[in-house]
Amino acid sequence: MAVDVPPNVSYKVIKEYLDKGEKESRWSYKEACLGQ
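Under the UniProt record's numbering, the very last position in the sequence shown is 36; numbers go up by exactly one each time.
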């Protein structure tokens with residue numbers, strides 16, 4: 001699955017959400033590309 005985070009959305013909030021889910025063993029993820 002790929003997720004496109006729009007520029008107006010805080011990446012910090014998304015990263016915290018993904019990290020929390022990974023810590024709870026709900027999923028794992030990899031960052032393919034980060035651009036600003």
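Note that the Cβ used here is the ideal one computed from N, Cα and C, for glycine as well.
From a predicted model like this one, the values you see are computed outputs, not experimental measurements.
- By DSSP, does Y11 sit in helix, in strand, or in coil? Here DSSP, grouped into helix, strand and coil, assigns Y11 to helix.
- Task: Could you check which residue in A2, Y11 and L18 has the C-alpha nearest to that of residue 49?
- Result: The chain is shown only over 1 to 36; residue 49 falls outside these bounds and no answer can be derived.
- Task: Assign S16 to one of three DSSP states: helix, strand, or coil.
- Result: One point to set straight first is that residue 16 is Glu, not Ser, in the sequence displayed. Helix.
- Query: What do you reckon, are the CB atoms on E22 and Y29 nearer than 9 Å?
  - Reply: It is a contact, given that the beta carbons lie within the stated cut-off.
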